Amino acid sequence: MKSKRNKIVNISIIVFIVIVVLCTYLSKTVKNMLLPEVTVAYLKPGTIGDGFEGTGTIDYEDTHKIYSMPSWSVKEISVKLNQSVKKGDVLAKVDNDAINLKEREEKAVIMQLQDEIDTLKKASTPDQNKINEDQYKLDTENAKYKTIRKGLTDDGSILSDVDGKIVSINSKNSGESSLNGQDEGSSGASGDSDSLGSGDDLGQSSSALFEIVSNEPSLCVKWAVPYKDDDKFSVGTKVNVISGDDDKDSKASSVTGVVSKKIYNSGRDEYEIYADINDKSNLKKDDKVTITTQGSTKRYNNVIPKSCLYEENGIDYVYEFSAGGGTLGEESSVKKVQVQVVAFDSMNCSIKAESNSQLSGGIVTNTSKPISDNDEVKCTFTAASR
Numbered sequence: 001m002k003s004k005r006n007k008i009v010n011i012s013i014i015v016f017i018v019i020v021v022l023c024t025y026l027s028k029t030v031k032n033m034l035l036p037e038v039t040v041a042y043l044k045p046g047t048i049g050d051g052f053e054g055t056g057t058i059d060y061e062d063t064h065k066i067y068s069m070p071s072w073s074v075k076e077i078s079v080k081l082n083q084s085v086k087k088g089d090v091l092a093k094v095d096n097d098a099i100n101l102k103e104r105e106e107k108a109v110i111m112q113l114q115d116e117i118d119t120l121k122k123a124s125t126p127d128q129n130k131i132n133e134d135q136y137k138l139d140t141e142n143a144k145y146k147t148i149r150k151g152l153t154d155d156g157s158i159l160s161d162v163d164g165k166i167v168s169i170n171s172k173n174s175g176e177s178s179l180n181g182q183d184e185g186s187s188g189a190s191g192d193s194d195s196l197g198s199g200d201d202l203g204q205s206s207s208a209l210f211e212i213v214s215n216e217p218s219l220c221v222k223w224a225v226p227y228k229d230d231d232k233f234s235v236g237t238k239v240n241v242i243s244g245d246d247d248k249d250s251k252a253s254s255v256t257g258v259v260s261k262k263i264y265n266s267g268r269d270e271y272e273i274y275a276d277i278n279d280k281s282n283l284k285k286d287d288k289v290t291i292t293t294q295g296s297t298k299r300y301n302n303v304i305p306k307s308c309l310y311e312e313n314g315i316d317y318v319y320e321f322s323a324g325g326g327t328l329g330e331e332s333s334v335k336k337v338q339v340q341v342v343a344f345d346s347m348n349c350s351i352k353a354e355s356n357s358q359l360s361g362g363i364v365t366n367t368s369k370p371i372s373d374n375d376e377v378k379c380t381f382t383a384a385s386r
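Take 1 as the starting number for the sequence shown in the UniProt record's numbering and just add one per residue.
Encoded structure:
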């Protein structure tokens with residue numbers, strides 16, 4: 001009897017503990033569902049003013065392109081990327097037997113058409129319409145004949161027609177051809193050269209086979225802007241080109257660029273902007289840089305969207321987000337911090353905390369419900385801030 005009573009007591013205790021844990025969990029779950037959902041941004045350097053800031057890429061201002069004709073089958077590349085070449089140096093070799101055969105076939109067509117024209121002219125009553133038709137075909141075949149070996153030597157070599165440095169070799173689809181002189185893994189287009197199509201050899205595309213820059217190439221910077229922002233840039237507009245770590249002045253540097261062209265991309269509804277750089281500084285091709293417009297903009301630290309700001313009795317403050325651990329999961333909260341607005345424009349502002357305190361966490365940009373100091377919240381996602 002006593003054993004039965006103890007068993008009932010033990011079961012009651014277990015049931016009670018399960019109920020307490022379950023109620024606590026459900027209470028926590030319901031509470032989390034009712035918590036305000038906040039979006040968080042983080043302080044970072046940026047520009048303030050009616051200007052523009054974006055990311056650009058350094059590229060060569062101009063490259064000399066050498067193309068492979070459709071009738072060519074390139075079987076050997078004789079140079080490497082970044083190799084210096086002189087005018088007349090051999091860059092590649094094509095299947096010369098195939099070129100010779102193509103020339104003979106085209107020459108036979110030309111001779112046949114010429115014979116037909118000569119025969120028609122000797123007739124007692126020449127058919128002038130037929131003569132004109134054959135003459136048109138003959139002119140077309142002669143033009144085709146001249147392009148077969150255009151840019152090739154008699155032995156099938158492609159020569160450089162300028163002095164400079166090889167910056168692109170478009171040998172992606174060279175099949176089983178011998179790419180002598182190339183380092184392993186160096187094949188394929190570099191920079192902005194077009195890649196080859198789906199042909200079986202290098203001659204199946206109109207893409208540049210080689211791109212060459214001068215030994216002291218000029219640089220430019222390119223970036224994209226939405227259609228609605230293109231009016232900020234016109235040919236001749238000056239921009240700031242900022243490289244390095246902007247958080248560390250010792251590593252950051254800024255040069256001036258001048259917009260040289262704008263190209264509209266209808267597929268993306270945006271403009272590609274190009275600006276020449278006179279002062280190269282330490283910039284190199286493919287470097288990522290920050291582009292800002294000159295004039296009414298200035299760069300600041302601690303930039304956030306203006307939606308982060310709250311005002312109360314003429315005092316500005318923000319809610320600083322803090323994520324912490326709890327017994328039943330993560331418990332996040334917000335802290336009300338008084339700030340001073342250093343500068344602002346229609347979209348963003350630069351702030352600093354009063355009393356020389358540091359803002360180290362995320363800053364609430366939006367909330368689903370009104371929040372107060374030390375309120376618990378949940379962060380649904382983090383907003384990107386420039």
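Idealized CB from N, CA, C, for every residue including glycine. Note that the structure is a prediction, hence the values are computed from the model and not measured.
Where I371 is concerned, there is no enclosing beta strand (DSSP E), because DSSP gives it neither an H nor an E. Of all alpha-carbon atoms in P217, T256, G244, the one lying nearest the alpha-carbon of G236 is that of T256. Considering only I11, V40, T47, the residue with the shortest C-alpha distance to N240 is T47.
Ranking G51, S157, V289, T365 by CA distance to the CA of S68 puts S157 first. Counting only residues of its own chain and dropping the five nearest sequence neighbours on each side, S322 has a CB closer than 8 Å to the CB of S332, S333, V334, K335, G361. K121 sits close to I131, with the two beta carbons spaced by under 8 Å. Classified as exposed, D279 has fewer than 16 neighbouring CB atoms from the shown chains inside 10 Å of its CB.
Note that the region 89 to 99 touches the region 70 to 80; at least 3 beta-carbon pairs, one per stretch, sit closer than 8 Å. Nearest to G51 by C-alpha distance, out of A353, G88, N348, is N348.
In this structure, the alpha-carbon of D139 lies about 11 Å from that of K146. For D59, the secondary structure class from DSSP, reduced to helix, strand or coil, is strand. Membership of V109 in the alpha helix (DSSP H) is indicated by the continuous run 96 to 122. Under DSSP, the beta-bridge partners assigned to R299 are T47. Annotation: the continuous beta strand (DSSP E) that includes N366 extends over 362 to 367. Rounded to whole angstroms, the gap between the alpha carbons of S260 and Q338 is 46 Å. The C-alpha of C308 lies about 10 Å from the C-alpha of D316.
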